[in-house]
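Scroll down for the structure; my scribbles are underneath it.
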RNA sequence: GAGGAGGCGCAGGCGGUUGCGAAUUGCCAAGGAACCCCCGUUAAAAGGAAACCUGAAGCAGUUUGAGGAAAGUCCGGGCUUCCGAAAGGCCAAACUUGCUGGGUAACGCCCAGUGCGAGCGAUCGUGAGGAUAGUGCCACAGAAACAUACCGCCGAUGGAGCUAGGCUGCUAUUCAUGUAGCGGCUGUGGCUAUCAGGUAAGGGUGCAAGGGUGCGGUAAGAGCGCACCAGCAGCGUCGAGAGGCGCUGGCUCGGUAAACCCCGGUUGGAAGCAAGGUUGAAGGAGCGAUCGGUUGGUCUUUUUCCGGCUCCGAGUAGAGGAGGAGAAAUCCUGCUUCUGCGAAAUCCGCUAGAGGUGUCUGGUGACAGGCAUCCCAGAUAGAUAACUGCCUUUUGGGUGGCUCUGCCAUUCAGAUAACAGAACCCGGCUUAUGUCCGCCUCUUCCCGC
RNA sequence: GCUCCAGUAGCUCAGAUGGAUAGAGCAAUUGCCUUCUAAGCAAUCGGUCACAGGUUCGAGUCCUGUCUGGGGCG
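Following this line, the structure appears as structure tokens:
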């Protein structure tokens, strides 16, 4: 990872939570799944979903604590060769890192790579990522 | 110079901007803490504390960070747990290993050799035990595919009197020999029939038909005899052995075991680092200080002793709290114990190894041994990078020079790194792969001297 | 990490113990039928049996090694 560890999305729970209730945007080669993060204290009783307005109040105070976390999902259907998949991941991370200063904190993001992205270069990924993040209002429009 | 065979090496280099993991050092929040201060047995509160220890996150420095295949998972190990057994033998089972000798921790791997096959050769390939232990199969064709005889050849016994002959009678003709016609006898050759005849030379069929070629031999034939070749057996000799060479012998046995099988060989089995352990969220079960009884039951190895559990009796009042009449239920807490990664949690396992490099010695070699030296990835939604400049190499064009079918210099344009990503660790095998990549040895042909 | 299965015509599948020229349905092409089309009928076309090597007289089938695709378990 060309990202520091606390910018990475690491737990299986986080991924499944994002897939379950996150918003969705997509371009030709990428799909964005994003979830606005709730504070770490109320993360545990998330499934009971009874303490919604309490956590919403806390959110405004504590959203600045946790930075935005990124996870990348790329299937074997995109390419059977691990080298190709890893290269795409690294390029996406590099693009994300370049956009990091403009990104709001407190989000959890998963980027799903679609088949056909094998031919893309760094510039294309940067453009598509920027488009997605602006559409999802994770990033300042500039 | 052209073509070919074998082997080895490398896995482009130097930067720029922005970054990541690990180790380590320092700084640092915070905690612990000897101690200081305070107090003076009616006490030890509050406060301080850069001796020292721990040290999250962060910052800074230093070091370091994918492969020859990290891949496929086709073999062999190490390591770990469980089951079984505990040493050896026999049987069974499994493996599916199978020329010989060696190497190795081990191997289905490697090295050296033998036989066979391919190539002019360098070299290459080889799943290379047994077909008289038994069973099965060998389509079609063919008489017959494992034990038979279709045609043919030969023999024996017959038949007809057709045919070629032999002997002979009559008639015609001729001077005569003879010739022609019609008969008779014979059974040599042919024809034909038969033989539970002989034969395996020849024909035909087929991948394959009972060793091959030649001479003799025989009624015809045949290893029936001989010579040479191939194969088999025995002996001698060389070799550690597979085998090589030589001599002798009786002459002969289809193929298929990558069909079943037989023989030999090997082997505890199963799972795999998501092994397995530590901490432990969560869940289940439970919680009594002490003494006595062996007539009981059961477990630890049969017996004895000792001991554990259970049982019976005494006794105390039964973890703490709430609750209640309470030693009840129920709830919370604590403790004991069991389960416990789908809580894909933490840490360990986790990288010093059948290790790398250099050198010497032994060995034809695989390899082994000695000495010196080095420490060289440990991630876990998975680091080792993203973008980019120049060089290198090379192709084409232009210009210039020279010793001019070329070479050198310069310039412009293009191409320029393939295959591929550690996931517990090693040894092999296999597969993928190159910027016109580089190097060495050998071989064949051509040209020149 | 472990493990199983498949690969045969454009598609979906047969092909049991090796035997001659590898079949079926659909599709395609042509013809018939019909005013025309569909349906129907008839014929035709189409195969490196995934690849390479081997055993055998002979291999889709047996053996060995690869490649590709798909599934299962922890």
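In my numbering, the protein residues as written are 3 to 144. Each residue gets a CB set at the ideal place from its N, CA and C atoms; glycine is no exception.
Between the Cα of residue 135 and those of 116, 109, 18 and 79, spot the shortest distance and give me the residue it belongs to.
-> 109
How many angstroms separate the CA atom of residue 114 from the CA atom of residue 103?
-> 22 angstroms
Cα-Cα separation, residue 6 to residue 98 | 12 angstroms
Unbroken stretches of the beta strand (DSSP E), 3 residues or longer, contained in the stretch 65–98 | 71–76
Return the chain-ordered list of same chain residues with a C-beta closer than 7 angstroms to the C-beta of residue 76, the five sequence neighbours on each side being excluded.
-> 87, 90, 91 and 115
Would you mind reading off the limits of the beta strand (DSSP E) that contains residue 136?
-> Note, residue 136: premise wrong, no beta strand (DSSP E); alpha helix (DSSP H) at 124–137.
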